[in-house]
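Under my numbering, think of the first position of the sequence shown as 103, with each following residue one higher. Heads up, the beta-carbon is just placed ideally off N, CA and C, and yes, glycines get one too.
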Amino acid sequence: MRSYPRIAIIGAGPGGLTLARILHQAGVPASIFEREEHALARPQGGTLDLHVESGQLAMRRAGLYEEFLQIARYEDQGSRLYDKDGTLIFADDDADDSDRPEVDRTALRQTLLASLPKEIIRWNHSLREVRPRDDGTYDLVFENEMIGPFDLVIGADGSWSKVRPLVSSYRPQYSGITFIEFGIDDVDASHPDLAALVGRGKIGIEADGRGLIVQRNGNSHLRGYAIFRVPTEWAEKTFDFTSPAKARARLAAEFKGWAPRILGLVEASNDHIVSRPIYALPVGHHWQNRIGITLLGDAAHVMSPFGGEGVNMAMLDAAELGRQLLENDEWKDAVKAYEAEMFERVIEAAEHAAEAVATELSHLGAELSLQHYQAHLDARLQGSAA
Numbered sequence: 103m104r105s106y107p108r109i110a111i112i113g114a115g116p117g118g119l120t121l122a123r124i125l126h127q128a129g130v131p132a133s134i135f136e137r138e139e140h141a142l143a144r145p146q147g148g149t150l151d152l153h154v155e156s157g158q159l160a161m162r163r164a165g166l167y168e169e170f171l172q173i174a175r176y177e178d179q180g181s182r183l184y185d186k187d188g189t190l191i192f193a194d195d196d197a198d199d200s201d202r203p204e205v206d207r208t209a210l211r212q213t214l215l216a217s218l219p220k221e222i223i224r225w226n227h228s229l230r231e232v233r234p235r236d237d238g239t240y241d242l243v244f245e246n247e248m249i250g251p252f253d254l255v256i257g258a259d260g261s262w263s264k265v266r267p268l269v270s271s272y273r274p275q276y277s278g279i280t281f282i283e284f285g286i287d288d289v290d291a292s293h294p295d296l297a298a299l300v301g302r303g304k305i306g307i308e309a310d311g312r313g314l315i316v317q318r319n320g321n322s323h324l325r326g327y328a329i330f331r332v333p334t335e336w337a338e339k340t341f342d343f344t345s346p347a348k349a350r351a352r353l354a355a356e357f358k359g360w361a362p363r364i365l366g367l368v369e370a371s372n373d374h375i376v377s378r379p380i381y382a383l384p385v386g387h388h389w390q391n392r393i394g395i396t397l398l399g400d401a402a403h404v405m406s407p408f409g410g411e412g413v414n415m416a417m418l419d420a421a422e423l424g425r426q427l428l429e430n431d432e433w434k435d436a437v438k439a440y441e442a443e444m445f446e447r448v449i450e451a452a453e454h455a456a457e458a459v460a461t462e463l464s465h466l467g468a469e470l471s472l473q474h475y476q477a478h479l480d481a482r483l484q485g486s487a488a
């Protein structure tokens, strides 16, 4: 009978859960350790589009494609660009035949969680250290306990991974871009004018060295991101996040002179206003293989969110690592093969993300955004006509 390594997955995000699900289907045990107290301990972020060749492929391999279709919002794939005066300069409102449907992050996570036995996930386990043993295995050191040994520790624990230092000295660097996140609840009933402005999808506005992205989420919710090119500490020095009213007013002041209906998106925000500085690892980040340790998702290759590849790449990492572990007779060789493939695969996505963050809010930014959306529209229309 074939034996498998004792596996620990650090992090219950989409990547870690996808890997656990693929292994679970094959009868391979793995333990997940997650720092959050429970599944709904904090907001999981906005909507994302799952790509056929990555996120959707991973859901198929996880045996969850039908469940994915239940949460996919094909109707919310539209895109619009406005100028700061509120003039529409681009619209693709008929994108419901596109193959990259929107999915709320919370719904995706809940779908993955529901596919796993509850006992394999240990909540409220914030990893402090991965401690090597003399025999080549590893212990996991938490706040009040140490658990182990494990043969294979997989860091799926995000940008500030506690597993990464065992294989790489690199840390994510600030990109120069900070998002201020805000949201509007029950927008169709409470602000039908803003709902109509955004439509069924997302909008973008870029002018005066700042930008806005607002996207439709499920449950009639809008999630917005105000975008600034500023020093790392700018947001904390500029906004009083302990007072939502003050933070909202300060954010609106940053867009003084913009059209009232555009400014209304900020003014209608709920009290969840937070700073999200954007960090990234270098393009081409890689490491020398270390037996018993590997990374996936943001822990391996965090990149800017421009391009929407982060979760897709994490889930594809999980699918490929799972495939290698199940198909390869020697798990150590499986990890080596996964890493070699992953290092090459993510370069293109990381390059595009780095290029996008470099031009964001520059004199080229708005023009490049328009070209990007127009190219996607042209490709979709050509595909429909074929």
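- Between the segment 419-426 and the segment 111-128, the count of C-beta pairs closer than 8 Å reaches three or more; the two stretches touch.
- Between W262 and the set A349, G113, V448, I109, the nearest pair of CA atoms involves G113.
- Excluding residues up to 5 positions away in sequence, Y272 lie with their Cβ nearer than 7 Å to the Cβ of P384 in the same chain.
- Judged by beta-carbon spacing, S377 lies beyond the 7 Å limit of S277, meaning their Cβ atoms are not closer than that value.
- In the three-state scheme derived from DSSP, where H, G and I count as helix and E and B as strand, F445 is classed as helix.
- Around the CB of E204, 16 or more other CB atoms lie within 10 Å, so the residue is classed as buried.
- In the three-state reduction of the DSSP assignment, E308 falls in the strand class, which pools E and B.
- Taking each of F281, Q275, E338 in turn and checking the Cα distance to V316, the smallest one comes out for F281.
- Put simply, the backbone Cα of P333 is about 21 Å away from that of K358.
- In this structure, the straight-line span from the alpha carbon of V232 to that of S156 is close to 29 Å.
- In the structure shown, the three-state DSSP call for T340 is helix.
- In the structure shown, M405 falls within a coil segment according to DSSP collapsed to helix, strand and coil.
- In the structure shown, L210 falls within a helical segment according to DSSP collapsed to helix, strand and coil.
- Annotation: the continuous alpha helix (DSSP H) that includes T120 extends over 116-127.
- Under the three-state reduction of DSSP output, T239 falls in the coil class, being neither helix nor strand.
- Around the beta carbon of H403, 16 or more other beta carbons sit within 10 angstroms, so the residue counts as buried.
- Exclusion of the five residues before and after A349 leaves F341, D342, F343, I375 as the residues of its chain whose Cβ lies within less than 7 Å of its Cβ.
- For L190, the number of other beta carbons within 10 angstroms of its own is below 16, and it is reported as exposed.
- Secondary structure at E432: coil, using DSSP grouped into helix, strand and coil.
- A258 and G238 have their C-alpha atoms roughly 21 Å apart.
- Assigned with DSSP and collapsed to three states, F330 falls in strand.
- A distance below 6 Å between beta-carbons, with the five flanking residues on each side excluded, links F330 to the following residues of its chain, in chain order: T280, R312.
- Taking C-beta atoms as the reference points, L229 and A141 fail to come closer than 7 Å.
- Collapsing the DSSP output to three states places A110 in a strand.
- Here the C-alpha atom of R224 lies approximately 16 Å from the C-alpha atom of Q212.
- Taking a 10 Å sphere around the C-beta of M248, we find fewer than 16 other C-beta atoms and assign the residue as exposed.
- At a Cβ-Cβ threshold of 7 Å, Q172 and G303 do not count as neighbours.
- The residue from P116, D295, F252 with its alpha-carbon nearest to that of S217 is P116.
- Distance from N319 to G148 at the Cβ level is roughly 6 Å; contact confirmed, criterion being Cβ atoms closer than 8 Å.
- In the structure shown, the three-state DSSP call for S133 is strand.
- Residue state for S377 is assigned as strand, using DSSP reduced to three classes.
- Checking the DSSP bridge columns, you'll see Y276 partnered with Y381.
- Straight-line measurement puts the Cα of D431 at about 32 Å from the Cα of F244.
- Here the alpha carbons of K186 and G129 stand approximately 55 Å from one another.
- DSSP, reduced to helix, strand and coil, places V316 within a strand of the structure shown.
- With distances taken between CA atoms, R363 lies nearest to G188 out of R162, A451, G188.
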